[in-house]
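Taking this note's numbering, the leading residue of the sequence shown gets 7, the next gets one more, and so forth.
Idealized CB from N, CA, C, for every residue including glycine.
From a predicted model like this one, the values you see are computed outputs, not experimental measurements.
Down below is the structure, laid out as structure tokens.
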Amino acid sequence: EAKQIIAHDQGIMKTGIAKIIEEPVTLQNKDHVFLSHKSALKDEDGKVLGMVGVSIDITRQKELEHHLADKAEKLQDALDEKKRFLNNLSHEIRTPLHVIKAISDELYENFREFSEEELDSFLKTLVENNNRLLKLVTTMLDIAKASQRKKGFDFKERNIIDIVEGCINEVRQIAPVLLERDTDKAMVRCDEIKIGQVIRNLLDNAIKYGGKSQIIVEIKSNPDNVVVKVKDQGAGIPDAEKEKIFEPFFQSTITRTSSGGTGLGLSICKEIVSAHNGKIWASNEPLNTTSINIEIPL
7 EAKQIIAHDQ GIMKTGIAKI IEEPVTLQNK DHVFLSHKSA LKDEDGKVLG MVGVSIDITR
67 QKELEHHLAD KAEKLQDALD EKKRFLNNLS HEIRTPLHVI KAISDELYEN FREFSEEELD
127 SFLKTLVENN NRLLKLVTTM LDIAKASQRK KGFDFKERNI IDIVEGCINE VRQIAPVLLE
187 RDTDKAMVRC DEIKIGQVIR NLLDNAIKYG GKSQIIVEIK SNPDNVVVKV KDQGAGIPDA
247 EKEKIFEPFF QSTITRTSSG GTGLGLSICK EIVSAHNGKI WASNEPLNTT SINIEIPL
């Protein structure tokens with residue numbers, strides 16, 4: 007810093023050109039920034055005798071400037087995310103609507119010209135796209151409700167072990183699920199239906215992406231909270247996407263081409279868990295194991 011300031015001073019005295027510059031200075035082990043107006047000091051004959059300058063401490067202004075720049079960047083990121091969300095939502099709604107409209111128009115105009123096989127195919131496509139659209143709208147309504155956090159939630163003292171076991175029993179016939187727990191009782195204040203929705207969603211994902219590997223549900227009770235982990239040995243989650251998978255409409259680069267989903271399930275889980283003052287996160291563990299974890303206060 008001192009060398010840089012001396013270099014500035016020498017340059018001004020050598021050229022005789024005044025400058026307004028920002029100069030970093032350390033005072034009492036704290037970094038400061040000074041705005042300095044410096045010019046060469048000359049005698050009557052124009053000979054440089056030295057240098058004169060005025061410096062103002064603008065450290066606080068620079069801190070505010072950086073703070074505002076950071077806020078502006080975060081705001082732009084939020085706006086970009088909102089735009090991406092709306093674009094994806096528009097695409098997800100328009101696609102089945104266009105299909106339904108095209109087939110409906112065709113059937114209305116030329117119904118008697120189609121064979122039974124063609125009619126069956128048309129009707130099957132209509133049902134599939136109608137169900138897709140209905141699921142999307144229902145999911146968006148769930149997100150809207152969940153985003154209101156504790157509004158509309160029915161919080162009661164529940165044993166989360168019982169909730170998890172009930173969800174596991176629903177899927178045991180279609181997937182191998184092993185439950186590992188360190189307690190028989192972990193009482194939490196929760197909405198039983200909403201937490202059940204989270205556990206079912208995590209189990210569905212593990213079944214869908216687990217590659218037919220055994221699914222392990224691990225429950226660990228701590229002094230202040232209970233952690234539920236749903237593990238599988240499927241495709242895994244890239245490290246750069248561990249947080250993004252909880253954003254609406256985001257689908258992992260590993261599974262997006264084959265999942266057939268909307269990318270809304272985990273975002274709903276995040277809203278529900280947040281409404282319970284809990285946390286949800288993804289982790290890659292040893293033996294190629296992917297784990298989605300939720301933490302709920304006891």
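With distances taken between CA atoms, THR145 lies nearest to ASN207 out of ALA75, ASN207, LYS20 and LYS80. Annotation for PHE128: ILE109, GLU112, LEU113 and PHE120 place their beta carbon closer than 8 Å to its own, counting only its chain and skipping 5 residues before and after. Scanning the stretch 266–300 from its first residue to its last, the whole beta strand (DSSP E) runs of 3-plus residues come out as 285–291. In chain order, CYS196 and ILE302 place their CB closer than 6 Å to the CB of HIS282, counting only its own chain and leaving out the 5 sequence neighbours on each side. Under the Cβ criterion (8 Å, minimum of three pairs), the stretch 216–224 does not count as touching the stretch 243–251. Under DSSP, the beta-bridge partners assigned to HIS38 are VAL31. Per DSSP, the beta bridge partners of ASP238 are THR296. Here PRO254 is buried, its C-beta having at least 16 other C-beta atoms within 10 Å.
In the three-state scheme derived from DSSP, where H, G and I count as helix and E and B as strand, ALA46 is classed as strand.
The beta-bridge partner set that DSSP reports for ASN231 consists of PRO303.
By the neighbour-count definition (other C-beta atoms within 10 Å, threshold 16), GLY59 is a buried residue. Only buried fits GLY284, as 16 or more other CB atoms lie within 10 angstroms of its CB.
Counting only residues of its own chain and dropping the five nearest sequence neighbours on each side, ALA212 has a CB closer than 7 Å to the CB of ILE221, VAL236 and ASP238. Residue burial is scored here from C-beta neighbours: LYS218 has fewer than 16 other C-beta atoms within 10 angstroms and is therefore classed as exposed. Taking 8 Å as the cut-off, the Cβ atoms of ILE166 and VAL232 count as close. By the Cβ rule, the stretch 198–206 counts as touching the stretch 171–182, because three or more pairs are nearer than 8 Å. Here LYS107 is exposed. Its C-beta has fewer than 16 other C-beta atoms within 10 Å. The C-beta separation of LEU41 from ILE62 comes to about 5 Å, placing the pair in contact by the 8 Å criterion.
Per DSSP, reduced to three states, the secondary structure at ILE180 is coil, with no helix or strand assignment. Annotated as proximal: ASP188 and LYS226, with beta-carbon spacing under 8 Å. Bounds of the beta strand (DSSP E) holding GLY59 are 54–63.
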